[in-house]
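Asks:
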Amino acid sequence: MTEVRVPLDLWAEDDKTGSIVVWLYPDGATVKEGALIAEILVEKTTLELYAPASGTLKINVEPEVVIDKGQLVATIM
Amino acid sequence: MSRILTMARAGREALDWEMERRDEIFVLGEDVYNFGGIFGTADGFGAKYGPERVINTPISETGFIGMAAGAAMAGMHPVIDLAYIDFIGVCYNVLLNTASKTHYMSAGQVKVPMTLMIGTGGGYNNAAQHSQCLHATVAHIPGVKVVYPSNAYDAKGMMHSALRDPNFVIYLTHKGTAGVGWMGTPLKTTLSEVPEEPYTVPFGKIAITREGSDVTLIGLGMSVHECLKAADELARDGISAQVVDLRSLAPLDRDGLFAAVKKTGRMVVTDEDYLSYGVSGEVIASVVERDPTVLRSAPVRICTPDIPIPFARSMEQAILPLAARIADAARKMVK
Amino acid sequence: MPLTPELRREMYRQMVRSRAFDDAMIALYWVGKTPIFAFANGPLPGELHCSNGAEPVGAGVCAALDADDMITADHRPHHVAIARGVDLNAMTAELLGKKTGLSQGKGGHMHIYDTRVNFASSGIIAEGMGPAAGMALARRLQKRPGVALTFLGDGAANQGAFHEVLNLVGVMKLPFIAVVQDNEWGVSTSKKESTAVARNSDRASAYGLAGEYVDSNDPDDIYLAAERALALARSGGGGTILELRTARLAGHFMGDQQAYIPEQMKQTDPNPVYRAKLIREGVLSEAEAAAIDAAAKAEIAEAVRLAQEAPYPDPSEAYDHVFAETVA
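Those protein sequence lines, which keep their order, are chains A, B and C. Heads up: the first sequence at position 22 corresponds to 22 in this note's numbering, and the numbers run straight through without jumps. Heads up: the second sequence at position 205 corresponds to 205 in this note's numbering, and the numbers run straight through without jumps. Heads up: the third sequence at position 323 corresponds to 323 in this note's numbering, and the numbers run straight through without jumps.
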């Protein structure tokens, strides 16, 4: 199992939070390592989240929920 | 299950694919190089293709869109980002008299293959000069193809079609459907499974977005999604609503429209553009001039009334063609 | 290329061809329009904007061009089209709305297209600015040679498109020349009334372009100025506003009596002036000049005869060419 966390360097400022805009694969989908799996919005900037491993995506955090850098948002089995 | 894309990503994927393979395609517009366009139509293209093929322009639409038409006449295929359709007033002559008429006036000697991407629509409190749809204002011009995808699958397929078309194509996207960051989280019904490989969606064919038998709800751009919401609401009342997505205004699929309306005998036509002299009247005329007897009741239009778009949320929400108004109209009609 | 006797004879020939064409069109234009004038009457219907007096512009600039260069012209295109080598028979037929016309009767006299010689014209004032700049951009992207020129009147120099495009040309350093034909009149409004500066070429400094004014309406001077502008463009030095003092002897359009032009502003016909100059300088003999004049008249007469004999397009053809065919 691989944890999918918001990379610590995805945005610079530590005091800012973001939210998932859209998951680009549904819960339970098979994803490949390196695939773009979600868009994260921080203020007006859209950032990208990539799959750290191949496997089955299990989504933990739905869109429009506040997230921090480093937060666990999904796992890949 | 394959991956899901937003409309913005899907359209961009098609543009990227074509641009990688065809040197004649280049992008120009305000803020396309650093920003990838205000609505992300060319996000990341500046770094990938360089300033020769992703050309930042001054705020000078008459100048650079006229220039695009000339580049098209000389064998290129420019792709222009005009962020807001409210800005067509400052370049309308190029649309009205140059790009649309040169092929005709030259009896086919000169082709003008260019794709003009424009964002439309309101609903996000941007007031009277940044919220208009105006699609009828461009679809009225002969010699222009006007297409209007409302979901990611069509956004990709219609972008491939536009870039392979030897004519002037206006590719409209309602800003609220695009799925770009600063418009909030995208509407679920705009997201689609999108194949990785290229494909085309032909112009001039409606889509039946939802099957139904009691009433036909007809929409385009954002109003398709309001129709879908209305159909959900109507289903709870036991009314089966069919939803039609026009997808293409010019050419308009009059045959497809007629068949769809004939199936239910009732139509509610929705349009976020102004009510008068617009798409809604054209849709109704297309059906009734062929055979008025297919209708069991008078058609109804749910459109933005003929007033400038107000700023305050309380007023704007009241005038937009939203699901509740559409469902009300359908309920009255079916009763 | 230097200003050789051959070149000067050729420029004279083009001026005479253009004048013979316009004179023939004017004669045809009045057929059926007297005593009751109506645009739609006669074999040459619609509006007609003739180039009489501006022939040195077309002849002088086009003599300096290469085959790769591109032109957009305006509602008064004949002198430029003819000097550029647009198919004269097909152009004549187009003015008469015939099937054999350049645009098969869909264009008329303001909309002259001949892709063989990279020529296009259009009827909206300053509309050719953007397309010409775009053609120049296309050639740059295609890594092919070619300078784009747009021909327009001094009345067009107050249009937004003129200024927007000149700024873009300056920013992008495009190989582009705006040929401003200063005939002092925008329809019935004088340059003095409409333009804040005496010379539009002075506006070049606002856009980082070169500006040159030629006040003689003499094709020798025009040719040399065009050569300078073309050399600058070809060397990557960018664009020029080339403003040429010229004449508009036949009014804005047919039917314009030009009563608003005061006596002291009456314009001089450049063609006899140049003819006399070439004879005086020994470039042409009187007999050679007369032969050129006669040949031009005969060529035009034949073009008119062919056009008159040609069929009109079938009404159903109105529906053709709205769109180019989409290849699946």
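We put the beta carbon where it would ideally sit given N, CA and C, even for glycine.
What would DSSP say about aspartate 306(B), mapped onto helix, strand or coil?
Replies: It is coil, neither helix nor strand.
Asks: Any contact between the segment 88-99 of chain B and the segment 30-37 of chain B? By contact I mean 3 or more CB pairs, one from each, below 8 Å.
Replies: Touching, no.
Asks: Identify whether tyrosine 113(C) lies in helix, strand or coil by the three-state DSSP scheme.
Replies: Of the three classes helix, strand and coil, the one that applies to tyrosine 113(C) here is coil, per DSSP.
Asks: Report yes if the CB atom of asparagine 167(C) is closer than 8 Å to the CB atom of glycine 66(B), and no otherwise.
Replies: The answer is no: Cβ separation not under 8 Å.
Asks: Here's a check: name, in chain order, each residue in its chain whose Cβ is nearer than 8 Å to the Cβ of glycine 42(C), leaving out the five neighbours to either side.
Replies: For glycine 42(C), where only same-chain residues beyond five positions count, the Cβ hits under 8 Å are Leu28, Tyr29, Trp30, Val31, Gly32, Lys33.
Asks: Look up glutamate 6(C) in the DSSP assignment and say whether it is helix, strand or coil.
Replies: Correct three-state label for glutamate 6(C): helix.
Asks: Mapping DSSP to helix, strand and coil, what is glutamine 242(B)?
Replies: Three-state DSSP puts glutamine 242(B) in a strand.
Asks: If we define contact as Cβ-Cβ less than 8 Å, is threonine 189(B) a contact residue for chain A?
Replies: It does not: the Cβ of threonine 189(B) has no partner Cβ on chain A nearer than 8 Å.
Asks: Counting only Cβ pairs nearer than 9 Å, list the residues of chain B close to glycine 236(C).
Replies: By Cβ distance, chain B contributes nothing, its closest Cβ being about 15 Å from glycine 236(C), past 9 Å.
Asks: List the residues that DSSP assigns as beta-bridge partners of leucine 152(C).
Replies: Val180(C), per the DSSP bridge assignment.
Asks: Does the pairing of the segment 74-84 of chain B with the segment 130-144 of chain C give three or more beta-carbon distances under 8 Å?
Replies: Result yes; three or more Cβ-Cβ pairs closer than 8 Å.
Asks: Quick check on the DSSP output: what are the complete alpha helix (DSSP H) runs of length 4 or more inside the segment 103-147 of chain B, in order along the chain?
Replies: Whole alpha helix (DSSP H) segments, 4+ residues: 135-139.
Asks: Throw me the rounded Cβ distance for the threonine 6(B) and proline 186(B) pair, which I believe falls under 8 Å.
Replies: Confirmed, Cβ separation roughly 5 Å.
Asks: Quick one: give me the first and last residue of the alpha helix (DSSP H) that methionine 172(C) is part of.
Replies: Here the alpha helix (DSSP H) through methionine 172(C) covers 160-172.
Asks: Roughly how many angstroms separate the alpha carbons of glycine 176(B) and alanine 231(B), rounded to a whole number?
Replies: C-alpha separation (whole angstroms): 20 Å.
Asks: Just the Cα atoms here: how many angstroms apart are arginine 325(B) and alanine 260(B)?
Replies: When rounded, the distance between both Cα atoms is 21 Å.
Asks: Within its chain, find whatever has a CB closer than 7 Å to the CB of glycine 256(B); leave out the 5 residues flanking it on each side and keep chain order.
Replies: Around glycine 256(B): Lys205, Ile206.
Asks: Given a cut-off of 8 Å on the beta-carbon distance, is the pair valine 215(B) and alanine 330(B) in contact?
Replies: Yes, these two residues count as a Cβ contact at 8 Å.
Asks: Find out if the Cβ-Cβ distance for the pair histidine 174(B), glycine 219(B) is shorter than 8 Å.
Replies: Cβ atoms of histidine 174(B) and glycine 219(B): not closer than 8 Å.
Asks: Determine which residues share a DSSP beta bridge with lysine 101(B) and list them.
Replies: For lysine 101(B), which the question treats as bridged, DSSP gives no partner whatsoever.
Asks: Hey, out of Glu55(C), Lys192(C), Asn89(C), whose CA is closest to glutamate 302(C)'s CA?
Replies: Cα-wise, what sits closest to glutamate 302(C) is Asn89(C).
Asks: Beta carbon of tryptophan 110(B), beta carbon of tyrosine 312(C): below 8 Å?
Replies: Residue identity differs from the one stated: residue 110(B) is valine in this sequence, not tryptophan. Against a cut-off of 8 Å, the Cβ pair of tyrosine 312(C) and valine 110(B) comes out as no contact.
Asks: I'd like the span of the beta strand (DSSP E) that includes aspartate 68(C), first residue to last.
Replies: It is not in any beta strand (DSSP E) - aspartate 68(C) carries neither H nor E in the DSSP assignment.
Asks: Tell me whether leucine 152(C) is buried or exposed, calling it buried when 16 or more other Cβ atoms sit within 10 Å of its Cβ.
Replies: So leucine 152(C) counts as buried.
Asks: In its own chain, which residues sit with a C-beta less than 7 Å from the C-beta of alanine 35(A), not counting the 5 before and 5 after it?
Replies: Hits under 7 Å: Tyr50, Ala51.
Asks: What does DSSP give as the partner residue(s) for leucine 217(B) in the beta ladder?
Replies: According to DSSP, leucine 217(B) bridges with Val243(B), Val268(B).
Asks: In angstroms with no decimal places, state the Cα-to-Cα distance between glutamate 3(A) and isoleucine 76(A).
Replies: Going by the C-alpha atoms only, they are around 6 Å apart.
Asks: Measuring straight from C-alpha to C-alpha, what distance separates glycine 181(B) and arginine 203(C)?
Replies: Straight-line Cα distance between these residues: approximately 43 Å.
Asks: For a quick check, are the C-beta atoms of isoleucine 4(B) and leucine 228(B) less than 8 Å apart?
Replies: No; because the gap between Cβ atoms is not below 8 Å, this pair is not in contact.
Asks: Pull out every residue of the segment 15-30 of chain A whose Cβ sits closer than 7 Å to any Cβ of chain B, in chain order.
Replies: Within the segment 15-30 of chain A, the residues whose Cβ lies closer than 7 Å to some Cβ of chain B are Val21, Val22, Leu24, Tyr25, Pro26, Ala29, listed in chain order.
Asks: With a threshold of 16 other CB atoms inside 10 Å of the CB of leucine 72(A), please say whether the residue is buried or exposed.
Replies: With fewer than 16 Cβ atoms within 10 Å of its Cβ, leucine 72(A) is classed as exposed.
Asks: Below 8 Å CB to CB, which residues in the same chain sit around tryptophan 11(A) once its five sequence neighbours on both sides are set aside?
Replies: Here the set comprises Gly18, Val42, Thr45, Leu47, Lys69.
Asks: Contact criterion: CB-CB distance below 8 Å. Does proline 7(A) meet it with respect to chain B?
Replies: Proline 7(A) does not count as touching chain B.
Asks: How long is the line joining the alpha carbons of isoleucine 241(C) and alanine 148(C), rounded to whole angstroms?
Replies: Roughly 12 Å between the two C-alpha positions.
Asks: Between the segment 3-12 of chain C and the segment 239-246 of chain B, are three or more C-beta pairs nearer than 8 Å?
Replies: No, they do not touch.
Asks: Where does the unbroken alpha helix (DSSP H) through serine 121(C) begin, and where does it stop?
Replies: Unbroken run through serine 121(C) is the beta strand (DSSP E), 119-121; no alpha helix (DSSP H).
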